[in-house]
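What follows is a short report on a single structure.
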Amino acid sequence: MKRSTRGCGCAIAVLVLILGAGGFGFWKYGLPWLRSRPPKPTGEMQVHVLDVGPIEGDSILIISPAGKSVLIDAGDAGKGKVVLDALKRYKVERLDYFIATHPHTDHIGAADEVLNGIKVANVIDNGVDLSTPAPVTATKPGKGKKVAPPPTPPKKNKTKTANAFFDEYRDALKLNGAQYEKAEPGKKYDLGGGAILTVLAPAEPFFTKDQMKAGGNETNANSIVLRLDYGDFSMLFMGDAESQTEERLLSKSDLDLKAKVIKIGHHGSKYATSENFVKRVQPEAAIISDGGWNRYGHPAQSVLDRLKAASAKVWRTDLQGEVTITTKGRGDSGKLYEIKTAKENKEDLWAGREGMKDDSSRSGFIAYGDFGAPPKPKPITTKTQRH
Ligand SMILES: [Zn+2]
35 MKRSTRGCGC
45 AIAVLVLILG
55 AGGFGFWKYG
65 LPWLRSRPPK
75 PTGEMQVHVL
85 DVGPIEGDSI
95 LIISPAGKSV
105 LIDAGDAGKG
115 KVVLDALKRY
125 KVERLDYFIA
135 THPHTDHIGA
145 ADEVLNGIKV
155 ANVIDNGVDL
165 STPAPVTATK
175 PGKGKKVAPP
185 PTPPKKNKTK
195 TANAFFDEYR
205 DALKLNGAQY
215 EKAEPGKKYD
225 LGGGAILTVL
235 APAEPFFTKD
245 QMKAGGNETN
255 ANSIVLRLDY
265 GDFSMLFMGD
275 AESQTEERLL
285 SKSDLDLKAK
295 VIKIGHHGSK
305 YATSENFVKR
315 VQPEAAIISD
325 GGWNRYGHPA
335 QSVLDRLKAA
345 SAKVWRTDLQ
355 GEVTITTKGR
365 GDSGKLYEIK
375 TAKENKEDLW
385 AGREGMKDDS
395 SRSGFIAYGD
405 FGAPPKPKPI
415 TTKTQRH
């Protein structure tokens, strides 16, 4: 009796030891592995137009029906936490793609914060390199001797260059180890489950400053424009594309631009979303990513009027917060996709903002001094669209 009890105790001790070691192993290696898995395929595709306001910016998260994730832009500097929190909320532990539409701070200012905060497999941008050039060193005249290269300056020096945000983005990209590629119009990315992301712009040669009309900005005009298809659902992502970009797209008569939903170009600026473009796209729903504190009159009344004339419905992040579109890729009209907002709208979605300065007055970069208290909202008119 005694012997068998002792034997039994021994076996339990060994079992506890094995279970303990197994548990520790799972906690140490299994859990992080499980956590790094993409979200489970749901058959549903999600597009989240994040609220990175009140200072203007863009950041859009796509989760494909197969669980692949794409982040288009990362918002302005300091907005990394908002974006990373959203990724956490939607259980995205690893991004399959990060796409930087164009090198302006309101789109990639927080790209370094995002790249430092989450593993990214692929980074795509338009190839415009705004890296601060290395300082030129004066060679001592007359000596003819080669001067040793200067020591590399510290990365985070206090006097930031105008393009420091771009340097930080590229540094973070290197650290992250993501695969880099330049956007090529016509290239398709298979997001799984039948969802395809296609690059529509920028086409070469890139727009130059001289080619821009009054109010135009060549960096915006060279934005990456994307098209997302999933079954009967389609959506365009215009970045900060300008009417010149739209004209170029319109000139390709065989290009499929018709889409159910459109993320409006350049935060609803009057220099984008031209009448002809809206006619070709025929959107049912237009999402405007804008900030309530912008001084450029975004969204412009003229853009809202053009959308209204085309019978499109409008959603705005400045009034409704994050805008989420979900779709299973099929369904009768009215059921193909669903749009939800984080906040209930209390104002007139069809009322544009007054511009305190014209888009053309900016050199292309949004300066922090441009922002302050939000301009007073317009009173609600009788034809208010609330949704
Ligand atoms: Zn922008």
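With the sequence shown counted from 1, adding 34 to any position gets you the numbering used here. For glycine and all other residues, C-beta sits at the position ideal for the given N, C-alpha and C. Just so you know, these numbers come straight off a predicted model, no measurement behind them.
How about serine 257 and proline 236: are their beta carbons less than 8 Å apart? In contact: serine 257 and proline 236 (Cβ atoms closer than 8 Å).
Out of Thr361, Asn210, Arg340, point me to the one whose CA is closest to isoleucine 152's CA. Nearest neighbour of isoleucine 152 by Cα position, chosen from Thr361, Asn210, Arg340, turns out to be Asn210.
Leucine 158: which of Lys362, Leu207, Gly64, Arg329 sits nearest, CA to CA? The question names leucine, but residue 158 in the sequence shown is isoleucine. Selected option, being the one with the closest Cα: Leu207.
Hey, could you find the ends of the alpha helix (DSSP H) serine 277 is sitting in? That run of the alpha helix (DSSP H) goes 277 to 284.
Can we count glutamate 280 as close to ligand 1, meaning its CB is less than 7 Å from some heavy atom? Glutamate 280 Cβ: outside cutoff for every heavy atom of ligand 1.
Quick check on the burial criterion: 16 or more other C-beta atoms within 10 angstroms. Buried or exposed for proline 333? Around the beta carbon of proline 333, 16 or more other beta carbons sit within 10 angstroms, so the residue counts as buried.
Are the segment 85 to 95 and the segment 214 to 223 touching, with three or more C-beta to C-beta distances below 8 Å? In short, these stretches do not touch, since the Cβ pair count stays below three.
Residue from Asp140, Asn254, Arg364 whose Cα sits closest to the Cα of phenylalanine 199: Taking only the C-alpha atoms, the option nearest phenylalanine 199 is Asp140.
So, at 6 Å on beta carbons, what are the nonlocal neighbours of glycine 386 in its own chain, with the 5 sequence-adjacent residues on each side left out? The answer, listed in chain order, is Pro333, Ala334, Gln335, Leu338.
Can you tell me whether lysine 179 is helix, strand or coil according to DSSP? Note that lysine 179 has pLDDT 48, beneath the 50 cutoff, so the model's placement of it is unreliable and the number below is only indicative. In the structure shown, lysine 179 adopts coil according to DSSP, grouped into three states.
For the candidate residues Lys304, Asp324, Leu291, Ile322, whose alpha-carbon lies nearest to that of glutamine 316? Comparing alpha carbon positions, the residue from Lys304, Asp324, Leu291, Ile322 closest to glutamine 316 is Leu291.
Does the structure place the segment 272 to 287 close enough to the segment 370 to 385 that three or more beta carbon pairs sit under 8 Å? In short, these stretches do not touch, since the Cβ pair count stays below three.
Close-in-space but distant-in-sequence residues of the same chain around alanine 120 (CB under 7 Å, 5 per side omitted): Once the five neighbours on either side are set aside, the close Cβ partners of alanine 120 are His82, Leu84, Leu95.
Cα-Cα separation between valine 50 and glycine 363, rounded to whole angstroms: Taking the straight line from one Cα to the other gives about 50 Å.
Thinking just about the alpha-carbon of each residue, which of Gly114, Gly109, Gln213 is nearest to the one in histidine 138? Cα-wise, what sits closest to histidine 138 is Gly109.
Let me check you understand the geometry: is the CB of glutamate 276 closer than 7 Å to at least one non-hydrogen atom of ligand 1? No, since every heavy atom of ligand 1 falls outside the 7 Å radius drawn around the Cβ of glutamate 276.
Can you list, in chain order, the residues of its chain with a C-beta nearer than 6 Å to that of threonine 416? Leave out the 5 residues immediately preceding and following it. For threonine 416, the predicted structure reports a pLDDT of 38, less than 50, and the residue's modelled location is therefore unreliable. The matter cannot be settled from this model.
Exposed or buried, which one is tryptophan 349 when buried takes at least 16 other CB atoms within 10 Å? Classification for tryptophan 349: buried.
According to DSSP, is glycine 301 part of a helix, a strand, or is it coil? It should be noted that the sequence gives histidine, not glycine, for residue 301. In the structure shown, histidine 301 sits in a helix (DSSP, three-state: H, G or I).
In the DSSP assignment, find the unbroken alpha helix (DSSP H) run with asparagine 251 in it and report its ends. Counting along the chain, asparagine 251 falls outside any alpha helix (DSSP H), and DSSP gives it neither H nor E.
Can you tell me whether histidine 82 sits near ligand 1, meaning its C-beta is under 7 Å from at least one heavy atom of the ligand? No, Cβ of histidine 82 sits at least 7 Å from all heavy atoms of ligand 1.
Between the C-alpha atoms of aspartate 426 and alanine 255, what's the straight-line distance to the nearest angstrom? This structure does not reach residue 426, given that the chain is present from 35 up to 421, and the question cannot be answered.
Have a look at asparagine 156 and valine 126 and give me their C-alpha separation to the nearest angstrom. Computed Cα separation, rounded: 15 Å.
Measuring CA to CA, which of Asp324, Ile359, Leu370 is closest to aspartate 427? Absent from the structure is residue 427, since the part of the chain shown begins at 35 and ends at 421.
Does valine 312 come out as helix, strand or coil in the three-state DSSP assignment? In the displayed model, valine 312 falls within a helix according to three-state DSSP.
For leucine 105, I'd like the list of residues in its chain whose CB is within less than 6 Å of its CB, leaving aside the five on either flank, ordered along the chain. Hits under 6 Å: Leu95, Leu129, Phe132.
Continuous beta strand (DSSP E) stretch holding tyrosine 203: start and end: No beta strand (DSSP E) contains tyrosine 203, which is instead part of the alpha helix (DSSP H) from 198 to 210.
Where does the unbroken beta strand (DSSP E) through threonine 232 begin, and where does it stop? It spans 229 to 235 - the beta strand (DSSP E) in which threonine 232 sits, taken as one unbroken run.
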